[in-house]
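In the numbering used here, the protein residues as written are 33 to 447. Cβ coordinates follow ideal geometry from the N, Cα and C atoms, glycine included. Source: prediction; values computed, not measured. A quick write-up on the structure given underneath.
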Ligand SMILES: *Cc1c(COP(=O)(O)O)cnc(C)c1O
């Protein structure tokens, strides 16, 4: 086989179409550690600009926290750089097991198994335990990695309308003939910051004999009174059978993920989880730093409290300034603009004002639902928030979108 002229032309054309549809994703080069204040080269080759980062998953501001860096250094010094092995051959150190135990304590589960990412955890979570006689019933707006995990499994699948408990109940009734039923949901949905009604989901699971699988990547570390996640927020700790989450967001933001839950199931993943058996062990530098993050978060709720306060402040100021914001309590704040070009233009103007935000449009969100997604962090100080808010107001005035209804914005800019 050769990389023929036809193949080359085919892919060039595909790429051009992506670009013409305004869907081409450009990367912006950051020259500093991840933080509230960053230095960015954008466009490529331009002078560096100092901007405020309002779109990282660095919810607790731990990505460059001195104690976390120190723990990473300690891990590197004491345990070396790489394990050069999967877990079951010679890739398990005592600190891997310790971190799994700390995560179980923190999440309120029986046992935990680490993966290289939450994407990998989701690739194992259904495939390793379910067969043809089982079914996964999934919220229609679940994260891509849950969808992919379901695709990899030989089990059957069905879905329910986003957050619609009546519809979920119907589906559970419909599938009473299956051996095992698993309800799969995100804890927090990343585009709107809305939260799954886990109490109702667990009640339905009890009533119709189903397991609950929760992906809590956008919640672990800060949702709930002590930051355990959306299961704490909804008062259902101990009732989640399978919880997947990432170390790549609030918990220091490097990489790594896990499945946490019922102990027999976790043992099944050690025996059968393909991304666990056939992919390298998480390196000691990350294990050591993530362990310190869990210690920090178990000691004090200061950081999640600060994040809650920052979120409340930002949401309140932006709403009273007249922006159309999906209501909620999560640090994901969707500022609705509906039109894709408008979202891009606002993001560009915000960048010129020193605020790094990104416009999201189709296919990441449905057509006609373009937006800017702001993500707050405990690492944001008052001055960061105030600067971002005044920049939004300035740009909002320029485009005349303040105190305008959805219909008015769409009338002016189109869908
Ligand atoms: C970010 C995210 C993931 C992926 O996590 P990684 O550890 O980066 O692979 C999985 N699920 C959800 C819901 C996420 O938001």
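Item to complete: Run the proximity test for residue 265: is its beta-carbon closer than 7 Å to any non-hydrogen atom belonging to ligand 1?
Response: Counting from 1 along the chain shown, the entry for residue 265 is found at position 233. A distance criterion of 7 Å places the beta-carbon of residue 265 beyond contact range of ligand 1, judged by its closest non-hydrogen atom.
Discussion item. I need the straight-line Cα distance from residue 402 to residue 366, nearest angstrom please.
Written reply: In the chain shown, the residue the question calls residue 402 occupies position 370. In the chain shown, the residue the question calls residue 366 occupies position 334. Between residue 402 and residue 366, the C-alpha separation is close to 9 Å.
Worksheet item: Between residue 397 and residue 223, what straight-line distance do the alpha-carbon atoms span, to the nearest angstrom?
Response: Here residue 397 refers to the residue found at position 365 when the chain shown is read from its first residue. Here residue 223 refers to the residue found at position 191 when the chain shown is read from its first residue. Their backbone Cα atoms lie some 7 Å apart in a straight line.
Worksheet item: Should residue 50 go down as buried or exposed, given a rule of 16 or more other Cβ atoms within 10 Å for buried?
Response: Along the chain shown, read from residue 1 onward, the residue named residue 50 stands at position 18. With fewer than 16 Cβ atoms within 10 Å of its Cβ, residue 50 is classed as exposed.
Worksheet item: Whose CA, out of 356, 282 and 276, lies closest to the CA of residue 411?
Response: Translated into positions along the chain shown, residue 411 becomes position 379. Looking at the Cα atoms, 282 is the closest of the given residues.
Worksheet item: Whole-angstrom Cβ separation of residue 326 and residue 265, contact assumed at under 8 Å?
Response: Translated into the one-based positions of the chain shown, residue 326 becomes position 294. Translated into the one-based positions of the chain shown, residue 265 becomes position 233. Not a contact, Cβ separation roughly 18 Å.
Worksheet item: Looking at residue 150 and ligand 1, is the gap between the Cβ and the nearest heavy atom below 7 Å?
Response: Locating residue 150 in the chain shown gives position 118, where the first residue counts as 1. Indeed, a heavy atom of ligand 1 lies less than 7 Å from the Cβ.
Practice prompt. Would you tell me roughly how many angstroms separate the C-alpha atoms of residue 241 and residue 318, rounded to the nearest one?
Written response: Taking the first residue of the chain shown as 1, we reach residue 241 at position 209. Taking the first residue of the chain shown as 1, we reach residue 318 at position 286. When rounded, the distance between both Cα atoms is 38 Å.
Discussion item. Here's the rule I'm using: 16 or more other beta-carbon atoms within 10 Å means buried, otherwise exposed. How should residue 40 be labelled?
Written reply: In the chain shown, the residue the question calls residue 40 occupies position 8. Exposed.
Worksheet entry | Member of 133, 189 and 119 whose CA lies at the smallest distance from the CA of residue 159 | For the purposes of this step, residue 159 is taken as the residue at position 127 of the chain shown. Looking at the Cα atoms, 189 is the closest of the given residues.
Discussion item. Starting from residue 406, trace the alpha helix (DSSP H) in both directions and tell me its first and last residue.
Written reply: Indexing the chain shown from 1 puts residue 406 at position 374. Note, residue 406: premise wrong, no alpha helix (DSSP H); beta strand (DSSP E) at 402-407.
Discussion item. Whether or not the stretch 342-354 and the stretch 117-132 are in contact is what I'm after, with contact meaning three or more pairs of Cβ atoms, one per stretch, closer than 8 Å; do they touch?
Written reply: no
Worksheet item: Just checking, does the stretch 359-374 make contact with the stretch 62-69 on the three C-beta pairs under 8 Å criterion?
Response: no
Practice prompt. Please report the residue range of the beta strand (DSSP E) in which residue 366 lies.
Written response: Within the chain shown, numbered from 1, the residue matching residue 366 stands at position 334. 364-370 is the extent of the beta strand (DSSP E) around residue 366.
Worksheet item: Does the distance from the CB of residue 174 to the CB of residue 218 come in under 8 Å?
Response: Within the chain shown, numbered from 1, the residue matching residue 174 stands at position 142. Within the chain shown, numbered from 1, the residue matching residue 218 stands at position 186. Yes, Cβ-Cβ distance for residue 174 and residue 218 is below 8 Å.
Discussion item. Using C-beta distances below 6 Å, list every residue in its chain close to residue 103, excluding the 5 sequence neighbours before and after it, in chain order.
Written reply: Walking along the chain shown from the start, residue 103 turns up at place 71. These residues qualify, in order along the chain: 320, 321 and 324.
Worksheet item: Under the criterion of a Cβ to heavy atom distance below 7 Å, does residue 250 qualify as lining ligand 1?
Response: In the chain shown, the residue the question calls residue 250 occupies position 218. Yes, ligand 1 has a heavy atom inside 7 Å of this Cβ.
Worksheet item: So what does DSSP say about residue 170, is it helix, strand or coil?
Response: Position 138 of the chain shown, counting from 1, holds the residue named residue 170. Residue state, collapsed to three classes: strand.
Practice prompt. Drop a sphere of 10 angstroms on the beta-carbon of residue 416, count the other beta-carbons inside from all chains shown, and report buried for 16 or more, exposed for fewer.
Written response: Residue numbering aside, residue 416 sits at position 384 when the chain shown is read from its first letter. It counts as buried.
Worksheet item: For the stretch 384-438, which segments carrying the beta strand (DSSP E) assignment without a break, of at least 3 residues, lie completely within its bounds, in sequence order?
Response: Listed in chain order, the complete beta strand (DSSP E) runs (minimum 3 residues) inside the stretch 384-438 are 402-407.
Worksheet item: Should residue 186 be listed as close to ligand 1, given that the test is whether its C-beta is under 7 Å from any heavy atom?
Response: Here residue 186 refers to the residue found at position 154 when the chain shown is read from its first residue. Residue 186: no, Cβ never under 7 Å from ligand 1.
Worksheet item: Is it buried or exposed for residue 11, if we count other Cβ within 10 angstroms and need 16 for buried?
Response: The displayed coordinates of the chain run from 33 to 447. Any statement about residue 11 would go beyond what the structure contains.
Worksheet item: Would you say residue 437 touches ligand 1, meaning its beta carbon is less than 7 Å from a heavy atom?
Response: Taking the chain shown and counting its residues from 1, one reaches residue 437 at position 405. For ligand 1, not one heavy atom lies less than 7 Å from the Cβ of residue 437.
Worksheet entry | Neighbour-count burial assignment, residue 447, 16 or more Cβ in a 10 Å radius | One-based indexing of the chain shown puts residue 447 at position 415. Label assigned to residue 447: exposed.
Fill in: Whether residue 307 touches residue 147 by CB criterion (8 Å)
Taking the first residue of the chain shown as 1, we reach residue 307 at position 275. Taking the first residue of the chain shown as 1, we reach residue 147 at position 115. Going by C-beta atoms, residue 307 is nearer than 8 Å to residue 147.
Practice prompt. Spell out the partners DSSP gives residue 188 in its beta bridges.
Written response: On the chain shown, position 156 is the one that residue 188 refers to. Paired residues: 167.
Worksheet item: What three-state label does DSSP hand residue 221 in the structure shown?
Response: For the purposes of this step, residue 221 is identified with residue 189 of the chain shown, where counting begins at 1. Residue 221: coil per DSSP, three-state reduction.
Worksheet item: Closer than 7 Å: is that where the CB of residue 278 sits relative to any heavy atom of ligand 1?
Response: As a working mapping, residue 278 is identified with position 246 in the chain shown. Yes - ligand 1 has a heavy atom lying nearer than 7 Å to the Cβ of residue 278.
Worksheet entry | In DSSP terms, what residue 85 is bridged to | In the chain shown, the residue the question calls residue 85 occupies position 53. DSSP, once it has assigned bridges, lists 388 as partnering residue 85.
Fill in: Pair within 8 Å by beta-carbon distance, residue 407 and residue 363
The residue labelled residue 407 in the question sits at position 375 within the chain shown. The residue labelled residue 363 in the question sits at position 331 within the chain shown. Their beta carbons are under 8 Å apart, which means residue 407 touches residue 363 by this criterion.
Discussion item. Can you tell me whether residue 175 sits near ligand 1, meaning its C-beta is under 7 Å from at least one heavy atom of the ligand?
Written reply: Mapped onto the chain shown, residue 175 falls at position 143. At least one heavy atom of ligand 1 lies less than 7 Å from the C-beta of residue 175.
Worksheet item: Can residue 409 be considered in contact with ligand 2, in the sense that its beta carbon sits closer than 7 Å to one or more heavy atoms?
Response: Ligand 2 is not part of the structure shown, which contains ligand 1 as its ligands.
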